Structures are given as C-alpha cells and as structure tokens.
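The working numbering puts the sequence shown at residues 107 to 471.
Take a look at the structure set out below.
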Amino acid sequence: MEICGRIWRMMKIRKAYFAVVFLQASIAVMYTIVAISLKHGLNHFVFSVYRHAVATVILAPFALILERKTRPRMTLPVFWRILLLGFLEPVLDQNLYYLGMKYTSSTFASAAINILPAITFILAVIFRLEIVNLKKKHGLAKIAGTVIAITGAMVMSLYKGPAFNFLPSTGRSEMSHTEPATDRHWVSGSIFVFISCFCASAFYILQSMTLTMYPAGISLAALICLTGTVEGGAVTLAAERNMMVWIVGWDSRLLAILYSGIVCSGIAYYVQGVVMKERGPVFVTSFSPLCTVITAALSSIFLADKVHVGSLIGAAIVMFGLYTLIWGTRIDFETSKQSNHVTQLPITGDVAGKTADGPAKPPVV
C-alpha cells in the first residue's frame, strides 16, 4: 500500500508539471496569434470581451451538468470576489498587457511576465498562502530569488540596447509588430505590462482563496468569464465610441478570439485552479520563462520581432532569480509534505485504543 501511495503521489506531481507546461505553451501560441490580430486591426478591448464570452458559452454547459450536485450555494462574499476576479484579469490585466505589447513587442511582453512568480510570491506571503522560514536555506532562497527577479525586470524595463533577430529571417514574413514610431513609448509600455503582471498575480491569489470558499472549479471559471464579459463590455463601451470596432472578420482576429476563449480562458482558468489546490499559486506562475522562449521563437518566425539585448540580460537575471525561488519553493513543499506524513503516521489503531495484537499498550514514561 505504501508503494502504491508513492506511485500515486508521483503521478499527481507529474500531472501538475504537465498541466503548467501545457498552460505556458498555450499562452505562448495565444500571444503570437493576438499580436498578428492586433496588427490587423483587432481592438484589444473588444478582443477581451469576445474572448470571455466564448469561454462562458463553452464552460457553462459543463458547469451546469458536471457540478449540479456538488456546486455550493452562492453567498455574498463569494459573489463580490467573483466580480473582482472578473475585473482583475479579463479587464485590467489583459487590456493593460496588450496595450503594453502594442508599445513594445510581443517578445518583450512575454519576457516581462517572468516577474509574475516574484509578485505572486510576495502577495502569497502577505496573505499567508506561503510561509517563509528565514532560518532555513530554502526560506532565504525564496527571498533572494524574488529580489533577483525584480531586479531583472527593472533591467528589462529601463535598458533596451541593440536589437537583433532571434532566428534567421529567411522564409518568413517581414511584418514587425513593433514600429519605430512606438519606440519612444517603450518605458510607458513596460509600465503597462508590469501593472498587468501585478493584476494577474492578484488574480491568482484571489482565485486560490475563492476556491476554498467555492470549490466548484468549472462553475467558478464560468462565472469569472461571465462577469469579465459584462464588465469588459461596459469598459469597452465607455472607451470606444466607434461601434465598428465590434465587427470581426473571418481572419486571424476570429481565430485569436476562439483560441483564446476556449483554451486560454475556459480551459486555463479551470486547470490552473486545479493545480493551485495542490501546489499553490506560486507554483502555477513559476514556469513563465518557458512561455518567453516559445513566444520569442514564434514571434521571430511569424512577426519578425527583434530581440533587444536589454530584454535578454533582464530575462537571464529574472530566470536565475526564478530558479532560486522555485528551488526554495520545491524544498519547502517537500518538507511540508514530509512533516504532514509524519504527523499522520500515529493516527492508526493505537489512537482508537486498539492495535493489531489487541488493546493499545500504555505509553512508556
């Protein structure tokens, strides 16, 4: 039985790693498609609304059928949290991110997201979702990794440097997403991206806390998408007076909406919620460097994005910080698992007053 238990725990760990790798790869593909669509005239406000409307339509039937018996009763505190979740990620995070991408590049924007684990870790410590033991090496590693990652993000934001192609330009379309006219907005675009990262981190923390009060993952994801659609629609109507921006043709814009809605909102919200229940919000965001590498390659092929030296230096610093943070988090997770296992070992027949050989023997003093 002990061997079976170990095998089952190993499978759960591998599933968690596979899930977060799938999320990062899916997000990288989305960034590339959306970058092309924004260049073809897709409005980022409208994109966010349509994306979450598609996700709502996809998730709602599954939530109604699969969780009809397990879905808890809606309470006012949960309702307010869902409203805030729908505003944090679908509205604030995504619109600020795509505005920042417009002023910088898709490669820079995806690289800047590497700061997510550090911000998420800080918020997790504040809200006591992560425990830092400064007397242990892994506790100091989590602090040091956070500081290093933030330093790398500052380098990426403030130092641009020379640009070069990530991959050879042979056989690809020369359609750079970053125009020379927008170079002067690099700092402001960087600020928009980093604010969006803070909103995304706050979303992860709040989603993790809400799942403890409303443990119906599919229903929660559907409700987040629904509120995001309504709130995003109100913001779009206030920001965009031209009703023509709502028109989407049968091109990359429609593909971006469908793919992002089904995969990166519908499936991703649910999957990341499941993983957060097991490993916490910091683990979910710890694999963002993988998204950076995939996005850089795809953007170089399809968008002719140039990689700036400042982005590479900053990304290298961020990744080193994240490696330190992930190491500390992993050791902390394994230590807590072992301590929980040890505390659970005495809970046997002895506790109930019996043993395999008969009544429990009194403890030897």
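Each residue gets a CB set at the ideal place from its N, CA and C atoms; glycine is no exception.
The model shown is predicted, which means the values in this text are computed figures rather than measured ones.
Can you name, in chain order, every residue of its own chain whose Cβ lies under 6 Å from the Cβ of residue i, other than the five neighbours on each side?
| i | result |
| --- | --- |
| S302 | D199, L202 and Y203 |
| A125 | V377 and V381 |
| V197 | E337, G338 and V341 |
| T430 | A247, A250 and G251 |
| V354 | L360 |
| Y310 | T226 and P387 |
| S137 | According to the sequence displayed, residue 137 carries Tyr and not Ser. Excluding sequence neighbours, Y137 sits near S212, S216 and T401. |
| Q450 | In this predicted model, Q450 has a pLDDT of only 44, less than 50, meaning its place in the structure is not dependable enough to derive any value. |
| L229 | S307 and I311 |
| I373 | none |
| D438 | H244 |
| F389 | none |
| E173 | A322, I324 and S325 |
| M319 | V184 |
| V369 | S132 |
| L480 | The requested residue 480 is not part of the displayed model; the chain covers only 107 to 471. |
In the DSSP assignment, find the alpha helix (DSSP H) that holds residue i and state where it starts and stops.
| i | result |
| --- | --- |
| H84 | Given that the chain is displayed from residue 107 to residue 471, the structure contains no residue 84 and the question cannot be resolved. |
| K383 | A374 to R385 |
| K208 | Q200 to Y209 |
| H51 | There is no way to answer for residue 51, as the model of the chain reaches only from 107 to 471. |
| C331 | G323 to A345 |
| S358 | S358 to Y365 |
| F185 | L182 to F193 |
| V231 | L222 to I232 |
Measure the beta-carbon distance from residue i to residue j and round it to whole angstroms, keeping in mind my assumption that it falls under 8 Å.
| i | j | result |
| --- | --- | --- |
| A134 | S211 | In fact, because the Cβ distance is near 14 Å, the residues do not count as touching under 8 Å. |
| A218 | F300 | 6 Å |
| P223 | L428 | 6 Å |
| G267 | G416 | 4 Å |
| S392 | T435 | 7 Å |
| L235 | S314 | 6 Å |
Using a 10 Å radius around the Cβ and a threshold of 16 neighbouring Cβ atoms, would you call residue i buried or exposed?
| i | result |
| --- | --- |
| T226 | buried |
| D357 | exposed |
| F185 | exposed |
| E440 | exposed |
| P473 | The requested residue 473 does not occur in the structure, where the chain is confined to residues 107 to 471. |
| K241 | exposed |
| A169 | buried |
| I171 | exposed |
| R120 | exposed |
| T276 | Reliability of the predicted coordinates at T276 is poor, the pLDDT of 45 falling under 50, and no value is obtained from them. |
| K208 | buried |
| N348 | exposed |
| P183 | exposed |
| T176 | exposed |
| A421 | buried |
| L343 | exposed |
| A141 | buried |
| V253 | exposed |
| L191 | buried |
Hey, quick one: how far does the beta strand (DSSP E) through residue i stretch, first residue to last?
| i | result |
| --- | --- |
| V413 | K412 to H414 |
Near residue i, which residues of its chain fall below 7 Å by C-beta distance, leaving aside the five closest residues on each side in sequence?
| i | result |
| --- | --- |
| V238 | V231, G245, K248 and I249 |
| S371 | R157, H158, A161 and C331 |
| L396 | V127 and Q130 |
| V424 | N220, I221, A255, G258 and A259 |
| L205 | H150 and F298 |
| R187 | L312 and T316 |
| V155 | T335, G338, G339 and T342 |
| F426 | I254 |
Among the residues of its own chain, which have a CB less than 8 Å from the CB of residue i, if the five just before and after it don't count?
| i | result |
| --- | --- |
| Y123 | none |
| E195 | C305, A306, F309, I330 and G334 |
| I139 | S358, L361, A362, Y365 and S366 |
| L317 | G323, L326, G379, M382 and K383 |
| W292 | Y209, T210 and K266 |
Tell me, please, whether the CB atom of residue i is closer than 7 Å to any CB atom in chain D?
| i | result |
| --- | --- |
| I301 | Looking at the structure shown, chain D is missing, and only one protein chain is on hand. |
| message | With three or more beta-carbon pairs closer than 8 Å as the criterion, would you say the stretch 252 to 265 touches the stretch 156 to 172? | response | no
| request: Check whether the stretch 165 to 177 touches the stretch 325 to 336, counting contact only when three or more Cβ pairs, one atom from each stretch, lie closer than 8 Å. | output: yes
| query | Counting pairs of Cβ atoms below 8 Å between the stretch 131 to 148 and the stretch 386 to 400, do you hit three or more? | reply | yes
| query | Between the stretch 340 to 360 and the stretch 139 to 155, do at least 3 Cβ pairs fall closer than 8 Å? | reply | yes
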